[in-house]
Each structure stands twice: as structure tokens, then as C-alpha cells.
Amino acid sequence: MSNFSLSSRSARDVAVLMPKGYINDMGAVSLERTSEQMLGKGMNSLIVNFSNVQYINTIGVSIFTGMVQKTLEHRSVLCFTNMKKAHRDVFEMMGLIKHVMVFADEDDALAFLKRKG
Amino acid sequence: MADRKLDLKRLMFSMASLADLGEEATSSKDLSSKMRAALYVITGMFSVPSAALFLYHPQRHYLELLVDKGQRDKALQGITMPILSEQIKRLRPNDPQTARDLAGHAFYQRNRGLWTKLQIEMFLPLFVKGEFVGAVALGRKLGGAPFRAAEKDVLRIVAHQMAITLHNARLFLDLAEKAAENKKLYTRMQRIYHDTVEAFAAAIDAKDEYTKEHSYRVASYAVAIARELGWKKQDIEGIYIAGLLHDIGKIIVDVKVIKKTETLSAPEICEIRKHPQISYDILSKIKFPWKDIGKFVLHHHERLDGTGYPNCLKEAELSDGVKILALVDAFDAMTSNRPYRDKLPLEKAFQEVMRCKGTQFDSKITNTFFRILHKELNGEIKEPQILPHLQETDMRNIKALASGLAM
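Those sequence lines, one after another, are chains A and B. Heads up, the first sequence is in the numbering used here, so the first residue is 1 and it goes up one at a time. Heads up, the second sequence is in the numbering used here, so the first residue is 118 and it goes up one at a time.
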């Protein structure tokens, strides 16, 4: 049984994804799938709020690698917010950070995207 | 110092990733799910957005795409890459190889189109004890950086683990394929067996035109009762066969006795009463895969009150199988024309069964029989097994009767 759930919301061309729990098995693949669907619907920006993420393993890294690749292909913006240091360290080590925009929280990310227009 | 710290972090991450891979590879998931999870672990280890895992089929000389990740083309599963034995020999076992490494290789040249389609950057041929089992194909790393030497070392370890996983999976697939073949063979043999037994039954019934299809009806009714009583599939099949063959002993009974329209003499009764024992003697020589067929057949003319034949057994000594056959054999006899009398109207046959309930027929079995009939009349049973054999013009009458008798 996967200890993972995902909620999302979207307004205009910004989608906010809120994963919860452990991103460490195939149950979390919905995150990759949902982001792909959002991009397909024309969302220009995706925000992933990590505040309820407890653990990310290699499968999780793979899921985020897929998300990064898709946003690059769609020339969209991927924002990570509310990240714990441990998660940020892993993404940095794996070279994912340079392809995403990191913000302290969701409001900062939304404010940035609003400014960016 | 910072580089060393990063290297140490990477090493720790690789070790944790290998543990993840081991966990996924040995999980109890089905092969496809297991391999997909393993592929996610591998792609996560190297930040590779796209990858594919191939299984080698030695008899067909090709690699078959088992699972993939991050491919633009969503219909890749099952796609194949031909590879010949001599081409396999040129691959470096469990060692990551780039397109450049394989440039002069016939295998690469032959599959260049697919190689490009899958954007393969690194090809990892998987071997177990010199036996080629499959391959992992990785796309470019996110950002396009080349694989570092340390990463190639980790890939070699990954290759060993994946090779063993795939090898075991293939053994399992081979076994599953053999099991499926055996099952098919078993089903075919079972069909032949049934056809043969049915042919025997037809031969028994053909001895007398009045008993045409009697064995088939007895078998059919018996199955309906056994099923209603919740018997196991194997046991239901057993009573079906017993029903078909219960009168096999009649083959040796003089046809004049069977077809006689007048009252039978004492010696003739004696002769006809031998048929359960003869049936048993014939069938007991056959090693049926179903238990008690011989006993069902031997005792199908016994009665609960001990006045039946051949052994005058009483209720406690009779199994449910015997009780079922006793009822359905007698019921079909009542509702069929015989040389010495016309068939009873259903109403009379039902009354006769009820009259003999508790002395000749078991109460539980009798109640079950009427309950099935009631259900069949109400359309509660998808494939009725009793009703189609009963020819009665006034179905409403039967319905009322069966409804009153069902318990």
C-alpha cells in the first residue's frame, strides 16, 4: 500500500501540485502523470509544494527527473517550494535543481510567476 | 574538500539506490511492475529521463522491450531488436557501452533506427554466468552531461543485479509458459475423456430406445444437485462421470430382459439387478481422477430404509453422491417412457418422489432437487440443467408444484 497521495489545483496557466507522504514507490507515479496532463492542458507553470513530503528515494528522483524533462520539452516553468534541506541536497546532487526554480513557499512562487506574467 | 564531500554523498546515494533496486527486484510484484519499478530506480540513480528494459528471447534471437520510461512514443511495449548469437559474443557483459563503442557492431547498425528513436545513450547488456538475458538502455542524462567513470562503475553493479533479476524472471516465464501448455493439454485430454465417456453412455442407452439419453440426463441432474450443495469442481465432475456410466453394467444384461414389456420373472429381476455390481466391476478397473465413482455406481439402487440392492445398505452407509444418483436415476425413469409403461405426468412424478422421501430418497437431496427446479423455473439459474429435459405443456402447473415443494 503506497503511503502517498496527491492533490492539485490550478488557476489560469498555473498548476499547484501538493504531494503528501513518501515518494518512494510506483504509487507516486501519479505525480509525473498529473504534471504531464497539466502541461498538456496548457499550464505554463507548475508549482510543487513539498511541505507534506516526508521522504524521497531513487524512484522519487526518477519521477522528478521525468517532470523536469517534460517541463523543459514544454518550455514551461517548474517551481519547487517548501523543500526540506535533505530533499534539496538530493536534487542538487542529482543535477535537478538547476532546471527548476526554488522558492521558500508557494506564495513566493505565485508572486514570482505573477510578476513574470 | 567540497568535491570529496560531494563524492561521499554520491556514494551514499548510490548505496541507498542499490538497496532500493534490490528491494524492487526481489518484490513479489508481477514481472512487469517489478521491472518498471527497477527501471525507475535506475533512471533515478543517474537522472536519466528516458530508458527501456529489454528481455532476450534466445529461441527467437531478439530483444523484446519489456518496460520503458519517459519515451515520447507510448506504444513501444513488445517492440523488438534482432540480435544474433555471434553479435551477442561481441558485447561486453554487464559493461555500459555507448553508441560510439558499438558503432562498428552489426547489432547496432541493424537496430540504429530504434536506437535513435529511444535516444539510447548507454547500452547495458545483461549477462548471468555468460548467458545473455537482456539489456537496459538508458537515454541521455538530464542536462546532457556524460556518464562519469564512477557512475559507470555503479552501472556495472546495477547490471549484475538486473541480470539476475531478469534471469529469474525468464525462468519464471518459461515455467509459466510450460504450465499454460500443460493446462491446454490437460483441457484437451479432459475433453477427449469426456467425449469418450459420453460415447460410452450413448452406447449404453442405445441398447434400448426407451432409455435414450437417460445417462446424460441423470448426469445433468446430478451435476445440478451437486452444484447446489456447494460441491467442489472436481467432485462435480466426478458425479457427472458417474451419472454417465451408472448403467454401464446393463451392456451385459440380455437385451430381451431390458426391452420386455411384460412383468419380469424372478430370474429376470435377478439378472437386471446385477447391473450395479457389473458396472462397479467394470469401472473399478479404471483409475479415475475422481474419487468414489465405483461406489456411486454400485449403490445407486440402494434405499435409505435398507430395502435396495445389491447390498441392502441403510441411510448412514450411503454417501451424498449415492443418494443423488439414486434420486435422479429414479426420477428420470419415472418421467421417461419405458417398454412396460408410459411416463408419469410430472405432477405424479413429483408426488411419487415426495411419497418416497425419507424411505427411498434422502430428504436433503430431495429438497435440493425441488429447490433447483424452482430456481430454474424462476430464471434464477443461468444454465438450467433439469428444466430443458422435462417436456410439460403446462409449465405454470409445474411452477406451482415446484414452488410448493421447494424448501
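Glycine is no exception: its CB is placed at the ideal position from the N, C-alpha and C atoms. Keep in mind it's a predicted model, so treat the numbers as computed, not measured.
Q) Quick one: does LEU525(B) have its CB under 8 Å from some CB of chain A? A) In the structure displayed, chain B extends from 118 to 524; residue 525(B) sits before or after that span and is not available.
Q) Got a sec? Which residues, its chain only, sit under 8 Å from SER149(B) by beta carbon, not counting five neighbours each side? A) Take SER149(B), set aside five residues on each side of it, and the residues of its chain with a beta-carbon closer than 8 Å to its own are LEU183, VAL184, in chain order.
Q) How would you label VAL372(B), buried or exposed, when you count the other beta carbons within 10 angstroms and need 16 or more for buried? A) The residue in question, VAL372(B), is exposed, as its Cβ has fewer than 16 Cβ neighbours within 10 Å.
Q) Tell me, which residues are paired with ILE47(A) by DSSP? A) In the DSSP assignment, the residues bridged to ILE47(A) are VAL16(A), CYS79(A).
Q: Answer yes or no: the CB of PHE264(B) versus the heavy atoms of the ligand PLP, is any distance below 7 Å?
A: Among the components of this structure there are no ligands whatsoever, and the ligand PLP is therefore not found.
(Q) Please tell me whether LEU96(A) has its Cβ less than 8 Å away from any Cβ of chain B. (A) With 8 Å as the cut-off, LEU96(A) counts as an interface residue toward chain B.
Q: Measure the C-alpha to C-alpha separation of LEU507(B) and VAL335(B) and round it to an integer number of angstroms.
A: Approximately 12 Å, taken between the alpha carbons.
(Q) Any beta carbon from chain A within less than 8 Å of SER145(B)'s own beta carbon? (A) Contacts with chain A at 8 Å (Cβ-Cβ) do not include SER145(B).
(Q) What does the alpha-carbon distance come out to for the pair LYS350(B) and MET132(B)? (A) The alpha-carbon atoms of LYS350(B) and MET132(B) are separated by roughly 51 Å.
Q: Report yes if the CB atom of SER332(B) is closer than 8 Å to the CB atom of ASP322(B), and no otherwise.
A: Between SER332(B) and ASP322(B), the gap from beta carbon to beta carbon is short of 8 Å.
Q: Could you list which residues in chain C have their beta carbon closer than 8 Å to that of ALA262(B), in chain order?
A: Reference to chain C is not applicable here, since the protein chains of this structure are A and B.
Q | CB contact below 8 Å: VAL90(A) versus chain B | A | Interface annotation, VAL90(A): in contact with chain B, CB-CB separation under 8 Å.
Q: Please state if the CB of ALA252(B) and the CB of LEU201(B) are separated by a distance shorter than 8 Å.
A: In this structure, the beta-carbon distance from LEU201(B) to ALA252(B) does not fall below 8 Å.
(Q) Quick check for students: name the residue ranges of the alpha helix (DSSP H) that lie wholly in the region 177-225 of chain B, counting only runs of 4 or more. (A) Runs found: 202-206.
Q: Give the secondary structure of PHE487(B) by DSSP, where H, G and I count as helix, E and B as strand, and everything else as coil.
A: When secondary structure is reduced to three states using DSSP, PHE487(B) falls in the helix class.
Q | 6 Å Cβ shell around THR197(B) - same chain, five flanking residues per side excluded | A | Taken in chain order, the residues that qualify are TYR179, GLU181.
Q) Between the Cα of ASP89(A) and the Cα atoms of LYS126(B), GLU354(B), THR476(B), which residue gives the shortest distance? A) Per the C-alpha coordinates, the member of LYS126(B), GLU354(B), THR476(B) positioned closest to ASP89(A) is LYS126(B).
(Q) Quick check: SER8(A) and ALA15(A), are their CB atoms within less than 8 Å of each other? (A) Closer than 8 Å, so yes.
Q) Going along chain A, which residues have a C-beta under 9 Å from ALA154(B)? A) Within chain A, the residues whose beta carbon sits less than 9 Å from that of ALA154(B) are ASP25, MET26, ILE59, listed in sequence order.
Q. Assuming ILE63(A) contacts ALA28(A) under a Cβ cut-off of 8 Å, what Cβ separation, rounded to an integer in Å, is found between them?
A. Between ALA28(A) and ILE63(A) the Cβ distance is about 6 Å, and since that is below 8 Å, they are a contact.
Q. Beta-carbon of GLN37(A) versus every beta-carbon of chain B: anything under 8 Å?
A. It does not; no Cβ of chain B falls within 8 Å.
(Q) Taking only three categories from DSSP, how would you classify ARG420(B)? (A) In the three-state reduction of the DSSP assignment, ARG420(B) falls in the coil class.
Q: Please name the residue in GLN502(B), HIS416(B), LEU490(B), GLU500(B) whose C-alpha comes closest to that of ILE515(B).
A: The candidate whose alpha carbon is nearest that of ILE515(B) is LEU490(B).
Q.
Taking 8 Å as the threshold (beta carbon to beta carbon), is LEU170(B) in contact with chain A?
A. Answer no: the Cβ-Cβ gap between LEU170(B) and chain A never drops below 8 Å.
Q: For GLY496(B), return the contacting residues in chain A, with the cut-off set at a CB-CB distance below 8 Å.
A: Going along chain A, no residue has its Cβ under 8 Å from GLY496(B), so there is no contact; the nearest lies around 42 Å.
Q. Helix, strand or coil: which one does DSSP assign to LEU6(A)?
A. Reduced to three states, the DSSP call for LEU6(A) is strand.
Q. Does the Cβ of SER71(B) have 16 or more other Cβ atoms within 10 Å, making it buried, or fewer, making it exposed?
A. Residue 71(B) cannot be examined here, being either before or after the span of chain B that is shown, 118 to 524.
Q | Whole-number beta carbon distance between SER396(B) and LEU415(B), since they are thought to touch under 8 Å | A | Rounded, the Cβ-Cβ distance is 7 Å, consistent with contact.
Q | Counted within 10 angstroms of its Cβ, other Cβ atoms place PRO384(B) as buried (16 or more) or exposed | A | PRO384(B) should be labelled exposed.
**Q.** Whether PHE120(A) touches ILE97(A) by CB criterion (8 Å)
**A.** Examination of residue 120(A) is not possible in this model, given that chain A is present from 1 through 117 alone.
Q. Which of the three DSSP states, helix, strand or coil, is assigned to PRO427(B)?
A. DSSP places PRO427(B) in coil when its eight states are reduced to three.
Q: Rank TYR357(B), ASP352(B), PRO505(B), ALA447(B) by C-alpha distance to the C-alpha of PHE478(B) and give the top, closest one.
A: When only C-alpha atoms are compared, the closest one is ALA447(B).
**Q.** 8 Å Cβ cutoff, VAL165(B) in contact with chain A
**A.** At least one chain A Cβ lies under 8 Å of VAL165(B).
Q | Within the region 300-374 of chain B, ranges of the alpha helix (DSSP H) (whole runs, at least 4 residues) | A | 331-345, 350-362, all fully within the region 300-374 of chain B.
Q) Is it the case that the Cβ atoms of MET67(A) and GLU32(A) are separated by a distance below 8 Å? A) In contact: MET67(A) and GLU32(A) (Cβ atoms closer than 8 Å).
Q.
With H, G and I counted as helix, E and B as strand and the rest as coil, what does DSSP make of GLU385(B)?
A. Judged by DSSP in its simplified three-state form, GLU385(B) adopts helix.
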